[in-house]
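Asker: Structure in structure tokens, see below.
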Amino acid sequence: MSIRRELVKGTVWTAVGRYSHYLFQIVVSAILARLLEPSDFGVVSMVLVYTGFVDLLAEFGISATVVQKRYLDRTGLSTVFWLAGFIAVLLTGISILLSPAIEAFFSFDGLRLVVQVMSLNLLLVGLGTVPQGLMQQRLAFKQLAILEIITTILGGMIGILLAFQGWGYWALIIQAISIRLSRGIGLFLYTRWLPLLTIK
113 MSIRRELVKG TVWTAVGRYS HYLFQIVVSA ILARLLEPSD FGVVSMVLVY
163 TGFVDLLAEF GISATVVQKR YLDRTGLSTV FWLAGFIAVL LTGISILLSP
213 AIEAFFSFDG LRLVVQVMSL NLLLVGLGTV PQGLMQQRLA FKQLAILEII
263 TTILGGMIGI LLAFQGWGYW ALIIQAISIR LSRGIGLFLY TRWLPLLTIK
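Going by my numbering, the first residue of the sequence shown is number 113, and it counts up by one from there.
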């Protein structure tokens, strides 16, 4: 099969994964809106103002680097992985240190803990960049789309279950973390790649 045909299929599967993700998110959000208070969504929205920006720094274009640098051997990929991990740990630490200031800025008691817990997502983003890049390099867009759909459904089910049990805004937070965690596990399981304890 030609590269062009593979890329076309990849584009289609990427669109399928993305729009399926949005569709399931809309359904889950509609259900959660019936189970949670508007203030619960407000708490998470306040934190997302900060974490959404920091997420971009955690990824730092590393997946794109893996895709473009096809000559990287396992040692090279491991170096990229540990670099991404270092950046993620650094940003997580900074987020934890800034959490009291963020709480004071929004004048919401308890927001400090929310920021600290949501910062765990930064670690998951950083650690998943290399296997995601490997899947893109291998043109495994179908598998990425399926993984996107499965993790969105799984996270949505967890969020709805916790909302039913009265967890409030923590249902939304754990939903987001469970999506990232299950996605990371899926990336490593598919690529069957593990980093070496070395850098160069």
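Using N, Cα and C, we set each Cβ at its ideal position, and we do this for glycine too. Just so we're clear, the structure is a prediction, and the values are computed from it rather than from any experiment.
1. Between residue 197 and residue 239, which are expected to be in contact by the criterion C-beta below 8 Å, what is the C-beta distance as a whole number of angstroms?
2. Take residue 166 as the anchor and find which of 244, 205 and 149 has the nearest alpha-carbon.
3. Pick out whichever of 288, 272, 303 and 151 has its Cα sitting closest to the Cα of residue 164.
4. Taking the alpha carbon of residue 233 as the point to measure from, which residue in 247, 286 and 186 has its own alpha carbon closest?
5. Hey, would you say residue 260 sits closer than 8 Å to residue 122, going by beta carbons?
6. Only counting the same chain, and skipping five residues up and downstream in sequence, which positions put a Cβ closer than 7 Å to that of residue 236?
7. Please report the Cβ distance between residue 274 and residue 156, rounded to the nearest whole angstrom; I am assuming they are in contact, meaning their Cβ atoms lie under 8 Å.
8. When you compare only the Cα positions, how much space is there between residue 312 and residue 242?
9. Below 8 Å on the Cβ atoms is my contact criterion, and I expect residue 272 with residue 143 to pass it. Report the Cβ-Cβ distance as a whole number of Å.
10. Three-state secondary structure (DSSP) at residue 145?
11. Check whether the Cβ atoms of residue 136 and residue 265 sit closer than 8 Å, and answer yes or no.
12. Out of 119, 248, 309 and 229, point me to the one whose CA is closest to residue 160's CA.
13. Going by DSSP, what residue range makes up the alpha helix (DSSP H) through residue 243?
14. Can you look up residue 296 in the DSSP assignment and give me helix, strand or coil?
15. Using the Cα positions of residue 169 and residue 162, report the straight-line distance between them to the nearest angstrom.
16. Could you check whether the stretch 247-258 touches the stretch 298-309, counting it as contact only if at least three pairs of C-beta atoms, one from each stretch, sit closer than 8 Å?
17. Which class does residue 252 belong to by DSSP, given the choice of helix, strand or coil?
18. Take residue 290 and list the residues in its own chain whose beta-carbon comes closer than 7 Å to its own, dropping the five residues that flank it on each side.
Answerer: Once the coordinates are examined:
1. In the sequence shown, counting from the first residue as 1, residue 197 sits at position 85. In the sequence shown, counting from the first residue as 1, residue 239 sits at position 127. That pair is a contact at about 6 Å.
2. Working through the sequence shown from its first residue, we reach residue 166 at position 54. Ranking the options by Cα distance to residue 166, first place goes to 205.
3. As a working note, residue 164 is residue 52 in the sequence shown. The shortest Cα separation from residue 164 among 288, 272, 303 and 151 belongs to 288.
4. Position 121 of the sequence shown holds residue 233. The option with the nearest alpha carbon to residue 233 is 286.
5. Here residue 260 refers to the residue found at position 148 when the sequence shown is read from its first residue. Here residue 122 refers to the residue found at position 10 when the sequence shown is read from its first residue. No; because the gap between Cβ atoms is not below 8 Å, this pair is not in contact.
6. For the purposes of this step, residue 236 is taken as residue 124 along the sequence shown, with counting starting at 1. Taken in chain order, the residues that qualify are 292, 293 and 296.
7. Numbered from 1 along the sequence shown, position 162 holds the residue referred to as residue 274. Numbered from 1 along the sequence shown, position 44 holds the residue referred to as residue 156. Contact flag wrong, Cβ pair sits at about 13 Å.
8. Here residue 312 corresponds to residue number 200 of the sequence shown, with the count starting at 1. Here residue 242 corresponds to residue number 130 of the sequence shown, with the count starting at 1. In a straight line, the C-alpha of residue 312 is about 16 Å away from that of residue 242.
9. The count along the sequence shown starts at 1 and reaches residue 272 at position 160. The count along the sequence shown starts at 1 and reaches residue 143 at position 31. Correct: roughly 6 Å between the Cβ atoms.
10. As a first step, residue 145 must be located in the sequence shown, where it is residue number 33. Correct three-state label for residue 145: helix.
11. The count along the sequence shown starts at 1 and reaches residue 136 at position 24. The count along the sequence shown starts at 1 and reaches residue 265 at position 153. Taking 8 Å as the Cβ cut-off, residue 136 and residue 265 qualify as a contacting pair.
12. Mapped onto the sequence shown, residue 160 falls at position 48. It is 229.
13. What you label residue 243 is simply residue 131 of the sequence shown in a count that begins at 1. Taken as a continuous stretch (DSSP letters only), the alpha helix (DSSP H) holding residue 243 covers 241-249.
14. Within the sequence shown, the letter at position 184 stands for residue 296. DSSP places residue 296 in helix when its eight states are reduced to three.
15. Taking the sequence shown and counting its residues from 1, the one referred to as residue 169 is at position 57. Taking the sequence shown and counting its residues from 1, the one referred to as residue 162 is at position 50. If you take the alpha carbons of residue 169 and residue 162, they lie about 11 Å apart.
16. yes
17. One-based indexing of the sequence shown puts residue 252 at position 140. Looking at residue 252 - three-state DSSP - the assignment turns out to be coil, as it is neither helix nor strand.
18. Indexing the sequence shown from 1 puts residue 290 at position 178. If we look at residue 290 and ignore the five residues flanking it on each side, its Cβ neighbours are 266, 267 and 270.
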